[in-house]
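Trainee: Numbering (our numbering), first residue to last: 326 to 376.
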Amino acid sequence: MIILGIILLVIGLIIGSGLLTTLGIILLVIGAILAILGSMGRAVGGRRHYY
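(1) Answer yes or no: do G356 and L329 have a C-beta to C-beta separation smaller than 9 Å?
(2) Rounded to a whole number of angstroms, what is the C-alpha to C-alpha distance between V354 and L334?
(3) Quick one: what does DSSP say G341 is sitting in, helix, strand or coil?
(4) Evaluate G349 with the Cβ neighbour count: other Cβ atoms within 10 Å of its Cβ, from every protein chain shown; 16 or more gives buried, anything less gives exposed.
(5) Is the separation between the beta-carbon of I336 and that of L345 shorter than 9 Å?
The following block contains the structure:
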């Protein structure tokens, strides 16, 4: 999810599309939150690790 967010963010910045940039930022933030919660050992949504 983090990688997809970065890809959408870069494509949005290159093309100049605000929608892709916004989606990239949202996916990047959600992916970072899930990665942090998973590394703390806290199960999120029934899964302990998100890869």
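Backbone N, C-alpha and C fix where the C-beta goes; we use that ideal spot for every residue, glycine too.
Everything numeric in this text was worked out from a predicted model, so none of it was measured.
Mentor: On the basis of the supplied data:
(1) Annotated as proximal: G356 and L329, with beta-carbon spacing under 9 Å.
(2) Roughly 12 Å between the two C-alpha positions.
(3) Of the three classes helix, strand and coil, the one that applies to G341 here is coil, per DSSP.
(4) Around the C-beta of G349, 16 or more other C-beta atoms lie within 10 Å, and the residue is accordingly described as buried.
(5) Against a cut-off of 9 Å, the Cβ pair of L345 and I336 comes out as a contact.
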